[in-house]
Structures are given as C-alpha cells and as structure tokens.
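**Student:**
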Amino acid sequence: MKVALQKFLQYGYAGTSMKALAQELGVSAPALYWYFPSKDDLYVSVLDASMKDFLGHVRESITEEEPVHKLGQIVRAHVTWQLQQLGAARAFDLTMTYRGESHDLPPERLASVFEMQRKYVREVGEVLQAGKDRGVMRVDDVTTTAFAIITLCDYVFTWFDPQGGMSVAAVANRYEGLVRNMVGASASGSVPEAG
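The opening position of the sequence shown corresponds to residue 1 in UniProt numbering, with each subsequent residue numbered one higher.
1) How big is the Cα-Cα spacing for R138 and L55?
2) Please classify V156: does DSSP put it in a helix, a strand, or coil?
3) Whole-angstrom Cβ separation of A185 and V68, contact assumed at under 8 Å?
4) I'd like to know whether the C-beta atoms of C153 and V46 end up nearer to each other than 7 Å.
5) When DSSP labels each residue in this structure, what does S28 get in the three-state scheme?
6) Quick one: is L86 buried, meaning 16 or more other Cβ sit within 10 Å of its Cβ, or exposed?
7) Any beta carbon from chain C within less than 7 Å of M51's own beta carbon?
8) Taking DSSP as the reference, what is the three-state secondary structure of P162?
9) Using the beta-carbon count (16 or more within 10 Å), is W159 buried or exposed?
10) My output table needs one value for T143: the three-state DSSP class, helix, strand or coil.
11) Pull up the CB-CB distance for V171 and L42, whole angstroms please, since I reckon it's below 8 Å.
12) Locate the alpha helix (DSSP H) running through M116, then write down its first and last residues.
13) Between the Cα of V179 and the Cα atoms of G135, K132 and G72, which residue gives the shortest distance?
14) Can you tell me whether G125 is buried or exposed? The criterion is at least 16 other CB atoms within 10 Å of its CB, across all chains shown.
15) Does the beta-carbon distance from A4 to K19 come in below 7 Å?
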C-alpha cells in the first residue's frame, strides 16, 4: 500500500496501473488482484488506511479535557501527522475535499473515508462548543471555525520545508498559537478581556 500511495502521487489515479504496480512489487498482477480485486479497491484501501492512521494519531495525542488545552493538542497532533506523513497528506489533497468529492471515484466508493472526515469535524466542533460554553473561547460559528482550523492544519505541508529553519514541533506549536488567537483564547485557557 505504501508503494501504491507513491504511484498514485506520482502518476495520479488514472496513470497508475495495477500491472506496473505489480512489477514494482515483484509480484504477478493476478497475485495483486487476489488482495485487491480492482484498482478502485486498492485506492480506497490506501485512503482508508491513511485516514484511520491520522485519526488514531490525533486521538491518541489527546490527554486533556479542558477545551483550550484539548484543542491545542488536536492542532499539534494534526500538524505533526501532516508533516511526518507527507505522502498521505498530499494524497488526500490530490483526491478529496471535505465536501465529499473525489476527482477519480464516485463519492459512494469513499463513503467510509468521508464519514471519518465528518466525524473528525464534529469532534473538533464539540471542543469548540465546550470552550464557547465555558467562556474560554470566542467562537461565532462552531462549524465554520472547525472547518477553518482543519483546513489551516491540512495544508501546512504546502509550504513546510524539512530542510528549512523550523522543526515539525516548532511548526505545530506555532499553529497551536494561531488557532488559540483565532478562537480568542490565551495560553492560560482564559478569554482575554475585550479592549
């Protein structure tokens, strides 16, 4: 699946053949079809596994219940995964959007992946709502803010340079600060007084 991911990134869905993939792996095409009956099945499996890996990483990174700190952990985990899994992050960028569309497959083929995405948006929204309810965040529209935060974190790979001056941890911390500012929360978890 790692090789398939690289091929899909390099050549796109249409330009990746099961025969070429089998040759790259040193197996026969029928052997590959034994595990994945079609290229669609392989493609969906790659995206599904990547999404599960992402969500597992984020959820395992959360130890806080206080909304501001919990949101910070989500943001740092999201950014860290994006930068440590650049191939998978780019695959999602090339193929999907949060509107439930894929450039290469009908939406129903990726229903499970889209449902995981929707659940993640809801989870981020629940943290924002909790912060708003406790008065530690200023959020006008929870859903829009959740999408804005996720989009901000998703596209960090578009500018990050592993050879540049910032480490993955430094970028993750910087993004946490940006998101805290976005929701009007201070480092202490309280909302600053309006001036």
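Heads up, the beta-carbon is just placed ideally off N, CA and C, and yes, glycines get one too.
Small disclaimer: the values here were computed from a predicted structure and weren't measured.
**Tutor:** By the coordinates alone:
1) The residue you call residue 138 lines up with position 138 of the sequence shown. The residue you call residue 55 lines up with position 55 of the sequence shown. The straight-line gap from Cα to Cα measures roughly 26 Å.
2) Locating residue 156 in the sequence shown gives position 156, counting from the first residue. Correct three-state label for V156: helix.
3) Numbered from its first residue, the sequence shown carries residue 185 at position 185. Numbered from its first residue, the sequence shown carries residue 68 at position 68. Sure, about 5 Å apart at Cβ, within 8 Å.
4) Position 153 of the sequence shown, counting from 1, holds the residue named residue 153. Position 46 of the sequence shown, counting from 1, holds the residue named residue 46. Contact: no.
5) Translated into positions along the sequence shown, residue 28 becomes position 28. Per DSSP, reduced to three states, the secondary structure at S28 is coil, with no helix or strand assignment.
6) The residue you call residue 86 lines up with position 86 of the sequence shown. It is exposed - the Cβ of L86 has fewer than 16 other Cβ atoms within 10 Å.
7) Looking at the structure shown, chain C is missing, and only one protein chain is on hand.
8) As a working note, residue 162 is residue 162 in the sequence shown. Collapsing the DSSP output to three states places P162 in coil.
9) Taking the first residue of the sequence shown as 1, we reach residue 159 at position 159. Flag for W159 reads exposed.
10) For the purposes of this step, residue 143 is taken as residue 143 along the sequence shown, with counting starting at 1. T143: helix per DSSP, three-state reduction.
11) Taking the first residue of the sequence shown as 1, we reach residue 171 at position 171. Taking the first residue of the sequence shown as 1, we reach residue 42 at position 42. That pair is no contact at about 32 Å.
12) Position 116 of the sequence shown, counted from the start, is the residue given in the question as residue 116. In the DSSP assignment, M116 falls within the unbroken alpha helix (DSSP H) covering A111 to D133.
13) The residue given as residue 179 occupies position 179 in the sequence shown. When C-alpha distances from V179 are compared across G135, K132 and G72, the shortest belongs to G72.
14) Here residue 125 refers to the residue found at position 125 when the sequence shown is read from its first residue. A residue is called buried when at least 16 other Cβ atoms come within 10 angstroms of its Cβ; G125 meets this threshold and is buried.
15) Locating residue 4 in the sequence shown gives position 4, counting from the first residue. Locating residue 19 in the sequence shown gives position 19, counting from the first residue. No, they are not a contact pair.
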